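Before any comments, here is the structure.
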Amino acid sequence: MKAIALALTSVSLLSGCVVYANVPGDGDSWRNSELQHETRSLSLELTDIDEVKADTGAGSLEIIGEAGRTRIDVVAEVYYRDAEDIRLSLQKTGSDAVLIADFDRNSYRGNNPYINLTVRVPADLSIDLNDGSGSIVLRDVMGDLNIEDGSGSITIENGGNVDIDDGSGSITVRYLRGDLTIEDGSGSIDIEQVDGKVTIDDGSGGINVRQVGDLNIIESGSGSLRIEGVGNSSKM
C-alpha cells in the first residue's frame, strides 16, 4: 500500500495580507498581538512514494483522499509573526513524502502563530501524523492511518485501519473498513460502523460505540459508556 510523508520548507507564495488580533492591555500587548497572513501552496508528484509523514504544529488540519490522484497538494494558511520562523515544506525522503508545518518559535506575548492546512492525497496512501494542537479532519483516506495528537478534536470518516494516540479533545470515527485502536487521555469518543475490531484505552470522557465488529475496552476511565450493535465485546 502506498503511503506519504509530509515536510514543508520550500513553498510557492500565492497571496499575503496582515491580520490584526486585538488583545486587551497596554500598547506593547497590541503590537505583540499582530499576526501576518500568507497563503502558500505545495505539491509533490507520487513517484515511488510509500507513505506520507506529517509533522504539524498549531492550527487546523484537513486531509482528503481522492481516488485516481497522482500527487499531493497542500494549501497552507500561515499566520505568523516573523517569516524566518516559518517551517513549511513538502518533499520526498526515501520512499516517504514528508510534510512539515510548524515554527521555530511558537511562544509569544499575545497571539501565537499557527498554520491551517488543507491536504489532498491519493485515497490509498498511508499516513503517519504527529500533530501538536488544533482540529484534525480526515475523509476518504483508505490507507493505514497512524495519528499522534496533543490536543484538539479528531474526526475521521470513511477509512481503513486507524490507530490514534490522543492527549485531549473529542474523537469521532465513522465508516471504517478495518480496525480501530484508540488511546485517549480525555474527551468524548463517538464510534460508528467499523467493520473490524475496536480497541479503546480511555482516561476520561463519555464513550459511544455503535455497529462495530468486535469491541475490546482496556480502560474506560470516568464518563458514560453506551454500546449498541456490537459483535463481541470485552472489558478488562
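Residue numbers for the sequence shown follow this note's numbering, so the first one is -5 and each next one is one higher.
Even for Gly, the Cβ is constructed at its ideal location relative to N, Cα and C.
If you're wondering where the values come from, they're calculated on a predicted model, not measured in any experiment.
Nearest-angstrom beta carbon gap, residue j and residue i [assumed within contact, 8 Å]
i	j	result
E56	L111	7 Å
I43	R114	Actually they are not in contact, since the Cβ atoms of I43 and R114 sit about 14 Å apart, beyond 8 Å.
G200	G215	That pair is no contact at about 10 Å.
D157	D178	Contact doesn't hold; Cβ gap of about 12 Å is too wide.
V46	A117	That belief does not hold up - the Cβ atoms of V46 and A117 are roughly 12 Å apart, past 8 Å.
Same chain, Cβ closer than 7 Å to residue i, neighbours up to 5 away in sequence not counted
i	result
G153	L132, V135, M136, L139 and L170
R168	E151, E186 and Q187
S145	S127, G161, S162 and G163
Where residue i falls, given that 16 or more other Cβ within 10 Å makes a residue buried
i	result
D20	At D20 the pLDDT is 40, less than 50, meaning the model places this residue with poor confidence; the figure from the coordinates comes in the next sentence. The residue is exposed, with fewer than 16 neighbouring Cβ atoms inside 10 Å.
R220	exposed
V76	One detail in the question is off: residue 76 reads as Asp in this sequence, not Val. Exposed, because fewer than 16 other Cβ atoms sit within 10 Å of the Cβ of D76.
E39	exposed
A61	exposed
T50	buried
E32	buried
G223	exposed
G128	buried
G53	buried
G126	buried
G163	buried
D98	exposed
Own chain, CB closer than 6 Å to residue i, minus 5 neighbours either side, in chain order
i	result
D208	K191, G225 and N226
I194	I176 and I211
I183	I165 and I201
L123	A48 and I141
D96	G51 and R81
Y108	A52, G53 and Y73
D261	Residue 261 lies beyond the residue range present for the chain, which begins at -5 and ends at 230; the question has no answer from this structure.
D143	D125 and D160
R204	E186, E222 and G223
Near the ligand ATP: residue i beta-carbon under 8 Å from a heavy atom
i	result
D122	The ligand ATP is not part of the structure shown, which contains no ligands of any sort.
Nonlocal neighbours in the same chain, by C-beta distance under 8 Å from residue i, ignoring five residues either side
i	result
G217	S182, D196, S198, G199, G200 and I201
T41	K86
S37	R65, I66, D67, V68 and L84
Do the stretch 69 to 83 and the stretch 144 to 155 meet, that is, are 3 or more Cβ pairs less than 8 Å apart? no
Entirely enclosed beta strand (DSSP E) segments - the stretch 23 to 68, minimum 3 residues: Uninterrupted beta strand (DSSP E) stretches at least 3 residues long and entirely within the stretch 23 to 68 occur at 29 to 39, 45 to 52 and 55 to 60, given in chain order.
Which full runs of the beta strand (DSSP E) of 3+ residues lie inside the stretch 118 to 200, going along the chain? 120 to 127, 130 to 135, 139 to 145, 148 to 153, 156 to 162, 165 to 170, 174 to 180 and 183 to 198
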